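Below you'll find the structure, written out as C-alpha cells, and then a few comments.
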Amino acid sequence: MFPAWTWIVGLFIGAAIGSFLNVVIYRIPRGLSLNNPKNSFCPSCKHQLTILDLFPLFSWLFLRGRCRHCKAKVSSRYFFVELMTGAIWGAIWYEYLVVGSDPAKALAFAAAAATLVAIIFIDWELYIIPDQINAFLLLVGLLYNGWLIIKKAPEAFMWGMPSSIAGALVGIGVLWGIAFLGRVIFRKDAMGHGDIKMARGIGAVLLPATAVASFAIAVFLGAVLGVAQILLRREPADAGSAAGEGDGQATPEEEEEDYPPESIGSLLKSGFGYVFCFDIIGLFKPSFYKTWYGEDPYEPISEAADFEVERTMIPFGPYLALGAIVATVFQSRLMEWVQTYLRWATRGAI
C-alpha cells in the first residue's frame, strides 16, 4: 500500500503522539486537566513551553535534558516515551501499511499501543493505572469491532457476540481468575484491579486468541525481567545501624505495615462491575463509582517521591502492556506460531 521507506513517517507521527503521552502520564494520575492549562509547562519553573522545548526527540537531546528557561533537569522519561511510541508506530506502519494493507487495524493497534505506553510509564512510577486510560483502551477495541461489523468481516463476531466483547470477557476472566485463585488458595492479593481492567481493554482490541497469546508473553516477560529488576534493585541501608541504634528487628510500626487482603466478597463484587463496565459508568457519575467501589475515581495520587516501594514489589501492568504491544506489532506471525504449536501438540491425538 505504501513504499517501505514510509515507516519513517509512522515513526515521527508516533514520536509526536509520544510527546502528548508525556502530558497524559504527568497530568492524569495527579488529577490535572489535559485542557487546562492548554499549553505544556515546566514542572519546576511553570514556564510555558514552546515548539523549541517540545519538538519530539530532538528538543530533549539538544537541550541536554534540561529546561531551556530554568535549567532544571528534565527526566529522560520524556525522551524514552517519544522514542518508544515512535518505534512502535513505525513498526505498526510497516506491518499493516507496507507489508499488509489494513489501515483500520493499523489505526486501532497504533492507538491501543500508545495507550499501553502511557500505562507502562504510569504504573512503573506510581503503581496505578487510571480508569480513564483503561476506559479509552476498551473504547478503541469497541470502535474497531464496529468497523469490522460494517465491513462484514468474518472476525467481527465470535461465540454469538461481537468479538471485542468476547475478548473483553476473556481478559477479565483470565486476570480476575488469577486474582480470585490467589486470594482463595494463598490468601493474598494476587492481581491489581487496574491490571484486570487493562486486560479487558486488551481483549477488546486484540480479540480473544491474540489477547491470550499476549497474556502468555506478559507472563514470560514478567518472569524474566521481573526477577532481573528485583536483583538489580538494591536493598536500602539499615537506617537503625547507620544511626547507631536499633538491633535490626522490625519495630511495631513496621509490623503494622502489613494489611489484610481484599475480601472475597469485594473481589466478586468488583469482577461483576468490570463485566458490566460499572467503573466506566462511574467516570461519568462519580457518586455511583463511590457507591459500588468505595473510592473516588478522580482522586489524585501522592507524588512518587512519597511512595515507598518494597524491593520485591514489581507491578505486573507494564509486562501485561508490553505483551500486548508485541502482539499488536507481530500479530500475524504470533498467530502462525500458535497454530504451528497447536498442530505439533495435537499430532497423533485421537
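Per the numbering used here, numbering of the sequence shown is gapless, rising by one per residue and ending at 379. C-beta atoms are modelled at their ideal positions from N, C-alpha and C, and glycine is treated no differently. Since the model is a prediction, treat every value here as computed from it, not as a measurement.
field: Nearest residue (CA-CA) to W205, options L81, S299, L172, I57
entry: Your numbering for residue 205 matches position 176 in the sequence shown. The shortest C-alpha separation from W205 is found at S299.
- prompt: Counting only beta-carbon atoms, is M190 nearer than 8 Å to chain D?
  reply: Although the question refers to chain D, the structure presented lacks it and comprises just one protein chain.
- request: Grab me the residues of Y107's own chain with a C-beta within less than 6 Å of its C-beta, minus the 5 sequence neighbours each way, in chain order.
  value: Walking along the sequence shown from the start, residue 107 turns up at place 78. Taken in chain order, the residues that qualify are N51, W89.
message: Spatial neighbours of G39 within its chain, please: C-beta separation below 6 Å, excluding the five flanking residues on both sides.
response: The residue you call residue 39 lines up with position 10 of the sequence shown. Cβ neighbours of G39 beyond the five flanking positions: W118, G119, W122.
task: Could you name each continuous alpha helix (DSSP H) segment of 4 residues or more that falls completely within the region 98 to 157, going from the start of the chain to the end?
output: Runs found: 106 to 122, 132 to 155.
- request: Report the option in F165, I149, F244 whose CA atom is closest to the CA atom of A137.
  value: The residue given as residue 137 occupies position 108 in the sequence shown. Nearest C-alpha to A137: F165.
query: Out of curiosity, what's the CA-to-CA distance linking I42 and F49?
result: Looking up residue 42 in the sequence shown gives position 13. Looking up residue 49 in the sequence shown gives position 20. So the alpha carbons of these two residues sit roughly 11 Å apart.
task: For the alpha helix (DSSP H) containing Q360, list its first residue and its last residue.
output: Against the sequence shown, residue 360 aligns to sequence position 331. In this chain, the alpha helix (DSSP H) harbouring Q360 covers 360 to 374.
field: C-alpha distance - F313 paired with Y156, whole-angstrom precision
entry: Your numbering for residue 313 matches position 284 in the sequence shown. Your numbering for residue 156 matches position 127 in the sequence shown. F313 and Y156 have their alpha carbons spaced roughly 24 Å apart.
- request: Determine the DSSP secondary structure at F191, reduced to helix, strand or coil.
  value: Here residue 191 refers to the residue found at position 162 of the sequence shown. Here residue 191 turns out to be Pro, not Phe, going by the sequence shown. Note: P191 maps to strand in three-state DSSP.
Validate contact between the region 73 to 88 and the region 356 to 372 using beta carbons, cut 8 Å, 3 pairs: Not touching, per the Cβ criterion.
message: Does R95 come out as helix, strand or coil in the three-state DSSP assignment?
response: Reading the sequence shown from its first residue, position 66 is the one you call residue 95. The answer is strand: DSSP assigns R95 an E or B state.
query: What's the call for N174, buried or exposed, on a 16-neighbour Cβ count within 10 Å?
result: As a working mapping, residue 174 is identified with position 145 in the sequence shown. Buried: at least 16 other Cβ atoms inside 10 Å.
message: Contact between the region 223 to 232 and the region 185 to 202 is defined here as three or more beta-carbon pairs at a separation below 8 Å; is this criterion met?
response: The answer is yes - the region 185 to 202 touches the region 223 to 232, with three or more Cβ pairs under 8 Å.
- prompt: So is N163 buried or exposed if we call it buried at 16+ other beta carbons inside 10 Å?
  reply: Sequence index remark: in the sequence shown, residue 163 carries index 134 (1-based). Label assigned to N163: buried.
Stretch pair the region 342 to 353 + the region 127 to 136: three plus CB contacts closer than 8 Å: Between the region 342 to 353 and the region 127 to 136 there are fewer than three C-beta pairs closer than 8 Å, too few to call the two in contact.
task: Assign S292 to buried or exposed, taking buried as 16 or more other Cβ atoms, counted over all protein chains shown, within 10 Å of its Cβ.
output: Stepping through the sequence shown from its first residue, residue 292 is reached at position 263. With fewer than 16 Cβ atoms within 10 Å of its Cβ, S292 is classed as exposed.
task: Pick helix, strand or coil for F385, following the three-state DSSP scheme.
output: The requested residue 385 is not part of the displayed model; the chain covers only 30 to 379.
- request: Could you give the DSSP three-state label for F345: helix, strand or coil?
  value: For the purposes of this step, residue 345 is identified with residue 316 of the sequence shown, where counting begins at 1. Three-state DSSP puts F345 in coil, outside helix and strand.
query: According to DSSP, what are the bridge partners of F70?
result: The residue given as residue 70 occupies position 41 in the sequence shown. DSSP output for F70 lists Q77 as bridge partner(s).
task: Please state if the CB of A135 and the CB of Y125 are separated by a distance shorter than 8 Å.
output: Indexing the sequence shown from 1 puts residue 125 at position 96. Indexing the sequence shown from 1 puts residue 135 at position 106. Taking 8 Å as the Cβ cut-off, Y125 and A135 qualify as a contacting pair.
query: Closest to C99 by CA distance: which of H76, I80, P315, L254 is it?
result: As a position in the sequence shown, residue 99 is number 70, starting the count at 1. Minimum Cα distance to C99 is reached at H76.
Cα-Cα separation, T149 to N68: Residue mapping note: residue 149 aligns to position 120 of the sequence shown, counting from 1. Residue mapping note: residue 68 aligns to position 39 of the sequence shown, counting from 1. For the sequence presented, residue 149 should be read as Ile rather than Thr. Rounded to the nearest angstrom, the two C-alpha atoms are 24 Å apart.
message: Whole angstroms are fine: how far does the CA of L363 sit from the CA of T369?
response: Residue 369 sits at position 340 when you count from the first residue of the sequence shown. Residue 363 sits at position 334 when you count from the first residue of the sequence shown. Distance from the CA atom of T369 to the CA atom of L363, rounded to whole angstroms, is 10 Å.
- prompt: Between the Cα of G302 and the Cα atoms of G202, G47, K181, which residue gives the shortest distance?
  reply: Counting from one through the sequence shown, the residue named residue 302 turns up at place 273. The candidate whose alpha carbon is nearest that of G302 is G202.
query: From L78 to F70, what distance separates their C-alpha atoms?
result: Walking along the sequence shown from the start, residue 78 turns up at place 49. Walking along the sequence shown from the start, residue 70 turns up at place 41. Answer to the nearest angstrom: the Cα atoms are 5 Å apart.
- prompt: Taking just the CA atoms, how far does L260 sit from E274?
  reply: Start at 1 with the first residue of the sequence shown, and residue 274 comes out as number 245. Start at 1 with the first residue of the sequence shown, and residue 260 comes out as number 231. Caution is warranted here: a pLDDT of 42 is assigned to E274, below 50, making its placement in the model unreliable, and no coordinate value can be reported.
- request: Note the first and the last residue of the continuous alpha helix (DSSP H) segment covering T320.
  value: As a working note, residue 320 is residue 291 in the sequence shown. For T320, the uninterrupted alpha helix (DSSP H) segment begins and ends at 315 to 322.
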